[in-house]
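Residue numbers (our numbering): 1 to 459.
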């Protein structure tokens with residue numbers, strides 16, 4: 001009888017009360033795997049993932065054949081962005097009970113959030129073969145199909161979900177995302193707005209509204225479509241595409257081809273660098289544009305608005321100042337400064353993006369590290385690199401006599417000087433810049449890394 005009472009409390013979102021009842025029952029029966037499963041659910045919904053994981057693992061320890069224990073553990077691990085471990089646990093649940101469509105729905109969700117959309121569709125369809133009306137499978141099948149560009153099929157799923165439950169904020173968000181990725185922005189905006197009317201605190205609806213606004217801006221929309229197109233490629237293809245384009249443009253810029261091809265290559269190289277920096281700060285620019293819009297402004301949290309006002313705009317302006325100076329003045333060191341300050345802006349944004357105080361402190365520390373690197377690049381250029389290069393060139397000139405061919409010793413010294421300058425540039429400029437660029441480019445993954453390790457109660 002007490003199981004139904006606990007389940008009722010969970011259904012009513014009365015999670016602390018449910019936890020209290022479960023712990024009272026556990027005093028009488030510490031070997032009950034179902035109680036530990038229910039405890040895991042109550043803790044999970046109270047944003048206490050580590051304690052929830054402990055409870056789920058205890059349920060599995062008590063009964064290794066308890067499929068719902070693996071289901072709960074997979075859900076908890078997924079919430080902490082630990083996709084690989086979550087997938088392993090849900091596969092164990094499916095192995096124990098291959099006839100539960102909800103298990104396949106969670107598997108589809110894991111693949112979708114992991115970016116493996118074809119596998120997400122496959123998992124959802126496996127679940128729909130068991131239960132053709134399973135909402136989880138239909139929901140994630142539709143989202144995955146839309147990311148694969150199969151918009152008509154995705155929209156059929158979304159319409160089916162809406163006809164079954166037209167007052168669901170989640171269903172309106174699902175159709176909104178599908179329509180947005182199909183380019184039907186007006187209808188997408190209506191669905192996101194309806195989702196916010198039903199559930200004003202819906203993060204998904206606010207994100208969707210912001211996404212629509214971004215696509216409407218011509219320049220930002222073009223970049224976002226490019227990112228979406230890249231995201232549909234396998235990772236190795238996308239990486240190869242970027243490397244190939246960079247290689248071809250660089251070869252063209254420094255080739256011996258007739259004019260104006262090398263000049264065109266240099267312009268393309270500068271534009272490519274601009275695109276790389278834009279990809280780092282794309283979300284920041286989105287938030288700036290959204291903060292300027294009266295209709296979309298409410299899609300941003302107070303922290304995000306504060307970040308735009310106090311940090312992000314000044315940092316982006318600094319980065320673009322260096323990049324513009326480099327393009328028009330040809331100073332080769334300035335693009336490194338631009339990348340460094342863009343990285344500072346990105347990591348500052350990530351610090352404000354998370355609501356977890358512990359994660360925010362770590363992301364803030366990384367942003368401060370990038371500030372130190374950015375300042376180091378400026379100071380070291382004028383105090384270390386430029387004087388060292390000037391001294392080496394002066395010493396090399398002393399070895400040669402005007403009007404005569406340099407001797408073997410002079411040639412060897414020139415070669416050594418060239419290699420020394422290359423090493424100096426690599427260690428003082430290139431490697432620090434690469435480190436901060438990688439931190440910025442993979443800032444989502446860095447934030448997820450800290451989120452997985454955040455202690456309970458730090459949210």
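Ideal Cβ positions, reconstructed from N, Cα and C, are used throughout, including at glycine. Quick caveat, the model's predicted, so the values are computed rather than measured.
Rounded to whole angstroms, the gap between the alpha carbons of residue 252 and residue 245 is 11 Å.
Contact annotation, residue 137 with residue 103: C-beta distance approximately 10 Å; criterion of less than 8 Å not satisfied. Taken atom to atom, the span from the alpha-carbon of residue 113 to that of residue 93 is near 19 Å. CA-CA distance, residue 175 to residue 6, rounds to 34 Å. Comparing C-alpha distances from residue 389 to each of 59, 77, 17, 418 shows the shortest one belongs to 418. For residue 363, the enclosing alpha helix (DSSP H) covers residues 357-380. When the beta-carbon positions are compared, residue 371 and residue 433 stay at least 7 Å from each other. Setting aside the 5 residues that flank it on each side, residue 447 is surrounded in the same chain by 350, 353, 354, 359, 363, each with a C-beta closer than 8 Å to its C-beta; the list follows chain order. Between residue 215 and residue 197, the alpha-carbon positions lie close to 22 Å from each other. The continuous alpha helix (DSSP H) containing residue 153 extends over residues 151-164. Residue 72 is positioned such that its CB atom lies no closer than 7 Å to that of residue 86.
Taking the C-beta atoms as reference points, residue 342 is found no nearer than 7 Å to residue 435. Measuring C-alpha to C-alpha distances from residue 115 to each of 416, 258, 145, 368 identifies 145 as the nearest. Secondary structure at residue 68: helix, using DSSP grouped into helix, strand and coil. An exposed status is given to residue 382, since fewer than 16 other beta-carbon atoms sit within 10 Å of its beta-carbon.
When rounded, the separation of the alpha-carbon atoms in residue 4 and residue 27 is 18 Å. A straight-line Cα-Cα distance of about 8 Å links residue 307 and residue 348. Under the three-state reduction of DSSP output, residue 354 falls in the coil class, being neither helix nor strand. Taking C-beta atoms as the reference points, residue 180 and residue 212 count as a pair closer than 7 Å.
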